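2 protein chains.
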Amino acid sequence: MTNKTTKKHLSRFRPVDHAAVAFDGGFWKSWKDTVRTVTIPTQHKRLEEEGFLEVLDFEKPPGPLARPIQPSGLSMQHFFDSDFGKWIEAASYTLKQNPDGKLETQIDAIVEKLEQGQMEDGYLHSWFIRREPENRWTNLRDLHEMYSMGHLLEGAIAYFEATGKRRFLDVMIRAMDHIAATFGREGGKLRGYGAHAEIELALVKLYRVTGEDRFLKLGTYLVEERGQQPSYYDEEARKRGEDPADYVYKTYAYSQAHAPVREQPDVAGHAVRAMYFYCAVADLAYENDDPTLKAVCDRFFDDLTGDKLYVTGGIGPSAENEGFTRPFDLPNESAYAETCAAVSLGFWSHRMAQIDLDARYTDQLETVLFNGALSGISRDGEHYFYENVLESHGQNRRWKWHYCPCCPTNIARFITSLGQYFYTVKDDAVAVHLYGENAADLNVGETFLRLKQSTAYPWEGDIAISLGLEAPSEFTLFLRVPGWCEGAEISVNGAPVDLDTVVSKGYAALKRHWQDGDSIRIHLPMPVERLYAHPAVSANAGRVSLKRGPVVYCVEEADIGIEPQLLRLPRDVALEPRFDGEFLGGAVLLEANARAAEMSGPIYRKKAAKTAEKAITAIPYHLWANREAGGMQVWLAEEV
Amino acid sequence: MTNKTTKKHLSRFRPVDHAAVAFDGGFWKSWKDTVRTVTIPTQHKRLEEEGFLEVLDFEKPPGPLARPIQPSGLSMQHFFDSDFGKWIEAASYTLKQNPDGKLETQIDAIVEKLEQGQMEDGYLHSWFIRREPENRWTNLRDLHEMYSMGHLLEGAIAYFEATGKRRFLDVMIRAMDHIAATFGREGGKLRGYGAHAEIELALVKLYRVTGEDRFLKLGTYLVEERGQQPSYYDEEARKRGEDPADYVYKTYAYSQAHAPVREQPDVAGHAVRAMYFYCAVADLAYENDDPTLKAVCDRFFDDLTGDKLYVTGGIGPSAENEGFTRPFDLPNESAYAETCAAVSLGFWSHRMAQIDLDARYTDQLETVLFNGALSGISRDGEHYFYENVLESHGQNRRWKWHYCPCCPTNIARFITSLGQYFYTVKDDAVAVHLYGENAADLNVGETFLRLKQSTAYPWEGDIAISLGLEAPSEFTLFLRVPGWCEGAEISVNGAPVDLDTVVSKGYAALKRHWQDGDSIRIHLPMPVERLYAHPAVSANAGRVSLKRGPVVYCVEEADIGIEPQLLRLPRDVALEPRFDGEFLGGAVLLEANARAAEMSGPIYRKKAAKTAEKAITAIPYHLWANREAGGMQVWLAEEV
């Protein structure tokens with residue numbers, strides 16, 4: 237018999253404090269600076285300008301709706317709480333590294349209103365409290381009460397961790413206790429769960445911050461109850477006097493509530509709901525050391541990365557359900573690929589790597605970070621994409637604020653807490669997941685480690701890592717060897733490491749007595765790669781995408797003067813990388829002698845269009861749409 | 237000085253009576269038989285089952301809405317009148333060739349109710365009469381009063397012509413006189429016009445049937461007033477207390493009402509509205525012998541066929557506005573390409589060829605007839621497509637009836653009146669536009685001509701034409717040489733005609749003293765053609781479509797057992813036509829040794845997928861989706 241109390245099933249690496257990782261140069265410094273100095277303040281301004289914060293004026297009668305009711309019965313205004321919740325979270329991450337009295341005051345003002353508005357029993361949702369308190373908790377299927385409270389809770393935790401102030405955290409603990417008193421399998425409670433997952437992962441965070449089991453228990457209930465039959469949503473609809481068959485999205489797979497999670501065969505439904513939910517599933521696998529839940533996650537991860545993933549890391553091709561469709565349905569121009577979905581794929585990948593140190597997860601984290609998530613914010617830090625298309629004819633432009641502005645605060649909290657994604661630790665190990673200039677203060681068991689990366693990554697593949705230790709210490713340093721890389725080289729203090737013997741699941745395990753001043757050099761060759769799609773991706777037949785290192789490229793009309801759709805890239809033409817320090821903060825661009833088809837002739841003809849030589853420049857996908865409007869294409873037609 | 241009263245500007249060929257053309261064999265016989273014996277009766281059944289005819293129970297209080305109100309303020313139920321109007325029209329066309337007492341009784345029952353419901357002043361629209369008479373004529377922008385009356389009028393004319401019964405016609409004349417009394421440029425009248433064009437072309441028909449100038453005058457007013465500034469729709473919205481800026485479709489181009497027709501630069505907006513409108517513009521050019529209006533039509537025709545046309549003749553790629561977008565935006569899988577739009581492109585092309593005998597118009601008529609319009613009805617005659625996509629992964633299936641069932645009756649009236657599209661006449665000429673087995677009784681001036689085509693067209697390109705004449709007669713026989721055809725040959729009584737000397741604008745002009753028994757043989761070579769799209773059609777880069785004669789082909793999963801998206805067609809592979817008499821009533825299929833990509837491997841890879849030989853069968857596009865569900869593709873990827 238195995239001893240269940242001690243047997244470890246899963247490798248459990250802990251996330252590190254994002255604030256322990258300083259980005260004082262390199263690729264991420266300018267992004268983090270921009271988000272802190274431009275994005276966070278302008279987002280607060282938008283929240284004010286657009287009336288989001290007015291929903292907290294509990295003493296006033298509610299004004300006219302800022303957003304009309306949708307066919308689903310939902311108004312976007314219904315989840316305004318979530319937007320400032322996420323903004324507080326993102327702002328708090330910056331606060332922890334860069335104290336800012338004005339910002340704290342802004343957050344405190346929101347917290348004060350939330351506290352004033354909170355109902356006596358702990359319920360907290362501005363819409364219902366002000367507009368229809370009698371209808372609270374009557375429509376978990378379509379409305380977003382738990383979702384909004386989950387985002388407020390994440391904000392409260394981040395603010396507590398940044399400032400030590402408990403007020404917001406206590407408000408949200410009361411709200412969580414109210415939920416626990418209302419929902420559960422015990423007699424007298426409702427067996428409900430919010431349709432848009434979010435609170436589940438927030439509850440695991442709360443458990444980790446407070447150490448209180450009841451929050452983990454509540455999160456576990458919410459994850460495991462989802463999709464149980466008969467459906468709570470059917471029952472709830474009938475209570476409202478509605479026919480469950482009238483559900484606007486037709487299937488509860490929209491909210492991953494069509495079956496209990498362990499029985500769900502594949503990735504389905506609304507992409508952000510799916511990702512947030514899978515994050516919580518992975519968190520519970522971690523906390524309960526439960527390989528069966530991890531296997532469920534892997535089933536989803538295999539499905540997602542096998543046939544439902546854009547090359548940029550974007551996910552969820554369809555606007556109709558903001559989510560998944562059939563395998564290999566990955567249209568370029570109509571790609572929905574919501575910024576939030578890519579960001580939350582990053583969240584999930586990060587969690588998967590905590591329970592199983594495998595680069596197949598962190599490869600996706602890196603992909604979204606440099607491509608499908610980062611594309612969601614402009615270089616100036618105050619314009620956004622909701623959809624991240626892979627082809628445009630100039631109609632897709634970034635906006636200052638969105639009708640449903642979930643994405644701006646999501647990309648903000650991703651970047652402001654970026655450090656946590658670079659490293660995870662165990663008592664005897666540290667794992668390096670991402671490369672980029674930074675210096676991290678890490679605790680590896682009892683050992684304090686200052687790990688410094690010097691590198692021009694992702695523009696170059698050479699990384700120098702130096703270790704600062706107070707005393708020599710034995711631990712394993714895991715270094716990710718990206719899945720995109722062939723011919724990686726690693727040396728320690730000048731001595732080459734035989735990667736064949738130390739690399740497992742995409743990580744080189746360097747176990748030794750590390751000394752202060754030890755240095756590691758990593759060389760990741762970065763030739764320009766042509767990537768082809770699976771032939772079942774109809775949109776990409778005869779097309780090729782370009783990638784160098786972790787960065788996916790595109791061709792934008794601004795650089796070539798014609799619609800990139802006219803280009804034909806001969807298969808054998810060379811693509812030359814060139815660093816351009818003036819290009820939108822500096823980037824490696826790719827140059828090639830491609831061919832362009834003539835813009836003439838009838839719409840249908842017996843011979844394919846003639847082409848002529850055309851010099852092209854490809855730019856990193858995440859930097860597109862920062863200049864004048866025009867066409868863009870990730871998947872270029874190859875010349876026959 | 238030119239004498240304006242006698243100078244002829246436009247070549248004016250008159251349409252012929254559809255009933256004078258008998259299809260007793262060949263391609264169209266089975267389609268016409270199916271539509272008469274299956275489609276017309278089942279459509280009446282659907283109109284009953286679905287409550288369409290209940291809107292005429294004027295003595296009863298109106299029941300609950302069969303279709304909810306849309307964001308535009310419109311319910312589909314609002315134009316139910318148009319659906320039975322079109323059904324009566326289609327049914328009447330069959331009546332004229334095949335008298336049917338039961339069918340007449342069904343139509344008379346509808347007519348009786350319409351007459352009973354008609355308001356004293358002639359107004360006739362079931363929705364407003366029963367539900368909100370006080371609001372009639374208050375929202376021409378969004379609602380469909382004139383549109384519905386136009387379809388009823390077309391139905392009334394067809395029924396009058398089939399049976400000689402005037403009752404319905406008189407009802408509709410009263411309705412038209414009411415409109416003329418209400419709308420116009422004279423003082424005291426409203427300067428309105430219906431947003432969905434239709435009544436304009438119906439009024440020209442009414443003018444031709446009655447000879448009454450006032451109907452032509454009303455039609456002319458409605459065409460010329462459309463888009464005049466300041467906009468009537470703005471004024472009307474303000475009268476309703478609305479802000480014109482809230483218009484749900486944003487631009488009046490949606491209804492071709494953004495500018496006066498003569499100032500409109502290009503094809504824009506809702507595709508069916510555009511086509512119906514252009515039909516009326518062409519009709520007015522005809523009636524007024526007005527080359528300036530014809531030039532306007534040509535501007536639209538050039539634009540449409542230059543950069544906004546699917547290879548199938550489908551038009552209007554976008555579901556959002558059911559219409560046109562930017563040039564070369566022709567996605568395959570999301571193609572809207574409404575059946576009604578293709579049908580009405582047929583109507584317009586036919587009208588253009590009346591004012592200018594040019595095969596560039598009738599080539600489009602033929603294209604929609606064999607492809608993008610005919611695809612809208614199943615081989616069994618009782619299932620339909622609304623959208624006619626050019627690529628499917630099995631999700632597109634034909635339906636018995638539609639939420640907005642405008643298409644079934646449209647394709648029905650096209651096929652039931654098909655004869656009129658085959659020929660047009662003048663006093664000294666007859667033009668043969670279409671080929672197919674049929675016998676037509678035509679009046680060429682004073683001469684009675686029986687023209688008989690014997691042919692397996694479109695499956696074969698040989699057509700034998702015999703002429704029956706009571707006496708020898710001089711006239712010009714114009715024979716269309718299709719634009720798709722190279723190497724056409726024509727002989728008269730065995731003597732070859734030198735086409736170089738007689739062909740102009742795609743028609744061979746054979747002017748001679750024709751004798752009874754003269755015979756003509758036409759040989760139109762029909763090799764299988766590969767057609768490439770303009771390179772700016774991004775969806776078709778690296779792809780090829782297949783066409784033989786007028787018939788566009790597709791590959792359907794039902795024939796090849798794999799998704800056609802996996803196919804790669806080598807450029808030099810032969811495509812062999814083979815007639816299969818068992819295939820859905822008989823058709824020429826194409827066979828080839830293509831290649832298929834392996835359905836394996838990662839979603840992104842450094843080498844394009846391997847392919848292996850795969851025998852394929854391509855079928856006529858119009859016959860797809862008549863068997864089990866599966867993928868379909870018109871534009872096949874070529875192998876690099």
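Chains as they are written, first to last, in my numbering: chain P, 237 to 876; chain L, 237 to 876. Glycine included, C-beta positions come from ideal geometry on N, C-alpha and C. Quantities reported herein were computed from a predicted structural model and do not represent experimental measurements.
Residues bridged to residue i [DSSP beta-bridge criterion]
{"i": "P856 (chain P)", "result": "P:Y789"}
{"i": "Y624 (chain P)", "result": "The residue asked about is misnamed: residue 624 (chain P) is Asn in this sequence, not Tyr. Paired residues: none, contrary to the question."}
{"i": "E812 (chain L)", "result": "L:E827"}
{"i": "H361 (chain P)", "result": "H361 (chain P) pairs with nothing; no bridge assigned."}
{"i": "W373 (chain L)", "result": "Answer is none; W373 (chain L) lacks a bridge partner."}
{"i": "W750 (chain L)", "result": "L:S709"}
{"i": "R322 (chain P)", "result": "Residue 322 (chain P) is actually Lys in this sequence, not Arg. Answer by DSSP bridge pairing: none, since K322 (chain P) is not bridged."}
Boundaries of the alpha helix (DSSP H) in which residue i is found, first to last residue
{"i": "V347 (chain L)", "result": "G337 to G353"}
{"i": "T446 (chain P)", "result": "I435 to T446"}
{"i": "W584 (chain P)", "result": "T575 to I591"}
{"i": "I726 (chain P)", "result": "That residue, I726 (chain P), is in no alpha helix (DSSP H); its beta strand (DSSP E) goes E725 to V728."}
{"i": "L458 (chain L)", "result": "D449 to E461"}
{"i": "V780 (chain P)", "result": "No alpha helix (DSSP H) contains V780 (chain P), which is instead part of the beta strand (DSSP E) from R779 to R784."}
Among the options, the one whose alpha carbon lies nearest that of residue i
{"i": "A707 (chain L)", "options": "L:R596, L:G617, L:D752 and L:G655", "result": "L:D752"}
{"i": "L878 (chain L)", "options": "L:L350, L:Q352 and L:E325", "result": "Examination of residue 878 (chain L) is not possible in this model, given that chain L is present from 237 through 876 alone."}
{"i": "F451 (chain L)", "options": "L:D816, L:Q279, L:H414 and L:D482", "result": "L:H414"}
{"i": "A438 (chain L)", "options": "L:F815, L:V788 and L:L405", "result": "L:L405"}
{"i": "S709 (chain P)", "options": "P:A851, P:G742, P:W720 and P:D754", "result": "P:D754"}
{"i": "G337 (chain L)", "options": "L:G630, L:P277 and L:G549", "result": "L:P277"}
{"i": "E397 (chain P)", "options": "P:L331, P:D565 and P:A345", "result": "P:L331"}
{"i": "H770 (chain L)", "options": "P:A571, P:I839 and P:I435", "result": "P:I839"}
{"i": "P307 (chain P)", "options": "P:A577, P:Y671, P:V484 and P:T712", "result": "P:V484"}
{"i": "Y857 (chain P)", "options": "P:E864, P:V788, P:A873 and P:V532", "result": "P:V788"}
Sequence-distant residues of its chain with Cβ nearer than 6 Å to residue i (five each side left out)
{"i": "M868 (chain L)", "result": "S628, C790, E792 and W860"}
{"i": "H245 (chain L)", "result": "D525 and P527"}
{"i": "E875 (chain L)", "result": "R804, P806 and R831"}
{"i": "A521 (chain P)", "result": "L529, K530 and I591"}
{"i": "G559 (chain P)", "result": "G505, H506, A507 and G552"}
Cut-off 8 Å between Cβ atoms - residues of its own chain near residue i, not counting five sequence neighbours on either side
{"i": "M237 (chain P)", "result": "In this predicted model, M237 (chain P) has a pLDDT of only 38, less than 50, meaning its place in the structure is not dependable; the value taken from the coordinates is given anyway. Excluding sequence neighbours, M237 (chain P) sits near nothing in its chain."}
{"i": "N239 (chain P)", "result": "Only weak support exists for where N239 (chain P) lies, its pLDDT of 41 falling under 50; the value from the coordinates is given anyway. The answer is none, since no qualifying residue turns up."}
{"i": "K846 (chain L)", "result": "A833 and E834"}
{"i": "V739 (chain L)", "result": "V717 and A745"}
Contact set for residue i: own chain, Cβ-Cβ below 7 Å, skip 5 residues either direction
{"i": "H432 (chain L)", "result": "H380, Y383, S491 and R509"}
{"i": "F650 (chain P)", "result": "V579, G582 and A609"}
{"i": "N829 (chain L)", "result": "V809, E849 and A851"}
{"i": "E390 (chain L)", "result": "G321, E325, A438 and K441"}
{"i": "R403 (chain L)", "result": "V347 and E351"}
Residue range of the beta strand (DSSP E) that includes residue i
{"i": "Q306 (chain P)", "result": "Taken as a continuous stretch (DSSP letters only), Q306 (chain P) belongs to no beta strand (DSSP E), as it is neither H nor E."}
{"i": "I756 (chain P)", "result": "S755 to H759"}
{"i": "E765 (chain P)", "result": "V764 to A769"}
C-beta neighbour in chain B for residue i, strict 8 Å
{"i": "A844 (chain L)", "result": "The structure shown has no chain B; the protein chains it does contain are P and L."}
beta-carbon residue i near the ligand FMN non-hydrogen atom, thresh 7 Å
{"i": "K475 (chain L)", "result": "Among the ligands in the structure shown, none appear at all, so the ligand FMN cannot be discussed."}
Beta strand (DSSP E) runs wholly inside the stretch 677-718 of chain P, at least 3 long, in chain order: List check, beta strand (DSSP E) in window: 683-691, 698-705 and 709-716.
Minimum length 3: unbroken beta strand (DSSP E) runs contained in the stretch 628-665 of chain P: Positions of the beta strand (DSSP E) runs, each at least 3 residues long and wholly inside the stretch 628-665 of chain P, are given as 659-662 in order along the chain.
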